[in-house]
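See structure below.
Numbering (the working numbering), first residue to last: 5 to 347.
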């Protein structure tokens, strides 16, 4: 009988001990949660956090970013960060970088992280936790859940100009390809402006066919702006075989070559009435060209510039159709554009 009573007493003791332990754990957890200050409203000096809907989101990458070149990645406005504090899950949080470049984190309040690399931001958060006496030897991991600032803007002569998100460093031709490739009026000159030095753009000369092995396939980083320049065009209109506009890119195009590209002159062409129409600071300028002598090698060939119009008049009836510079300009805008064959 005494043994039975002792067993019951022992079982009750263990049960009460377990209940007491659970109560203690719940009290500790509640105390820890009470120490986390809710995120206050940030000072209203144009630093409100952008909403998820308005921020440019490029999706949610995997947390394992070991395959990314994070040393070249910089945090920016609108990026959604996930901050984890090892051993203290109550301090882990997700926060979006505000328009002022700040994020709010428990205990340490607002902290400026814009233009920092993920590693630099981690080190700064660890320092603030340690310096504030909140944790000893804190270990923080930071992931970018949404990239809003990591984009390169591609403008100019591409099929689909606009911003294109990237993670880390990419190559110039990758971005041109993402923008739909070059237009038919694209030249070979590209300028690249960097986020930190926008007043010092770099100039790149594209290779033929955008060869991936080309030295011009330079690295591009988030925040850069790429502008593909328009090629120069020389127009040949009037009494020629194929009135056209010809793309030129740093190549000297002469009257003789332009006539050849346009299929030569027609039999009814008035060679001595040919002229170059050129836009100057004072308006449109007409210059007579001794085309007959040039074709017979009796006069020096004449170089042409981008946007020049070479006009070759024809018979009286055809000449009437091109009367006046305005008519010639209209004819030039109506012709098809052809790339100049390269030797």
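We put the beta carbon where it would ideally sit given N, CA and C, even for glycine.
_Taking the beta carbon of residue 125 as the centre, do at least 16 other beta carbons fall within 10 Å, making it buried, or is it exposed?_
So residue 125 ends up on the buried side.
*In whole angstroms, what is the alpha-carbon distance linking residue 102 and residue 237?*
Straight across, the Cα-Cα distance linking residue 102 with residue 237 is about 46 Å.
*Whole-angstrom Cβ separation of residue 162 and residue 196, contact assumed at under 8 Å?*
In fact, because the Cβ distance is near 14 Å, the residues do not count as touching under 8 Å.
*Would you mind sorting residue 289 into buried or exposed? The rule is 16 or more other CB atoms within 10 Å of its CB.*
So residue 289 ends up on the exposed side.
*Within 10 angstroms of the Cβ of residue 291, are there 16 or more other Cβ atoms? Answer buried if so, exposed if not.*
With fewer than 16 other beta carbons inside 10 angstroms of its own, residue 291 counts as exposed.
_residue 209, buried or exposed, once every other Cβ within 10 Å from all chains shown has been counted against 16_ = Answer is exposed; the Cβ neighbour count stays below 16.
*In angstroms, rounded to a whole number, what distance separates the CA positions of residue 144 and residue 194?*
Roughly 41 Å separates the two Cα atoms.
*Sequence ranges, alpha helix (DSSP H) only - wholly within the region 120-151, length at least 4*: You should have 122-135.
*To the nearest angstrom, how far is it from the Cα of residue 262 to the Cα of residue 180?*
Going by the C-alpha atoms only, they are around 30 Å apart.
*At what residues does the beta strand (DSSP E) containing residue 206 begin and finish?*
Residue 206 -> beta strand (DSSP E) spans 206-209.
*Check residue 229 in the structure and name its three-state DSSP category.*
In the structure shown, residue 229 sits in a strand (DSSP, three-state: E or B).
*DSSP three-state assignment for residue 110, whether helix, strand or coil*: Residue 110 carries a coil assignment under DSSP once its states are collapsed to helix, strand and coil.
*Assign residue 99 to one of three DSSP states: helix, strand, or coil.*
Of the three classes helix, strand and coil, the one that applies to residue 99 here is strand, per DSSP.
*Comparing alpha-carbon positions, which option in 271, 77, 302 and 135 lies nearest residue 245?*
For the set 271, 77, 302 and 135, the Cα lying nearest the Cα of residue 245 is the one of 271.
*Report buried or exposed for residue 166, applying the criterion of at least 16 other Cβ atoms within 10 angstroms of its Cβ.*
Looking at its Cβ environment, which holds fewer than 16 other Cβ atoms inside 10 Å, residue 166 is exposed.
*On the three-state DSSP scale, how would you describe residue 32?*
Low local confidence applies: a pLDDT of 39 at residue 32 is under 50, so the model's placement there is unreliable, and no value is given.
*Determine the direct distance from the alpha carbon of residue 81 to that of residue 100, and round the result to whole angstroms.*
The C-alpha of residue 81 is placed about 8 Å away from the C-alpha of residue 100.
*Just how far apart, CA to CA, sit residue 110 and residue 95?*
The alpha-carbon of residue 110 is positioned some 6 Å away from that of residue 95.
*Would the beta-carbon of residue 152 fall within 7 Å of that of residue 83?*
Cβ atoms of residue 152 and residue 83: closer than 7 Å.
*Could you pull out every residue in the same chain whose Cβ sits closer than 8 Å to the Cβ of residue 309, ignoring the five residues on either side in sequence?*
236, 238 and 282, listed in sequence order.
*Could you tell me which residues DSSP puts in a beta bridge with residue 86?*
Bridge partners of residue 86: 98 and 147.
*Is it the case that the Cβ atoms of residue 316 and residue 273 are separated by a distance below 7 Å?*
In this structure, residue 273 lies closer than 7 Å to residue 316 by Cβ.
*Using the beta-carbon count (16 or more within 10 Å), is residue 90 buried or exposed?*
Classification of residue 90: exposed, given that the 10 Å Cβ count is below 16.
*Between the Cα of residue 171 and those of 186, 116, 160 and 150, spot the shortest distance and give me the residue it belongs to.*
Distance from the Cα of residue 171 is smallest, within the candidate group 186, 116, 160 and 150, for 150.
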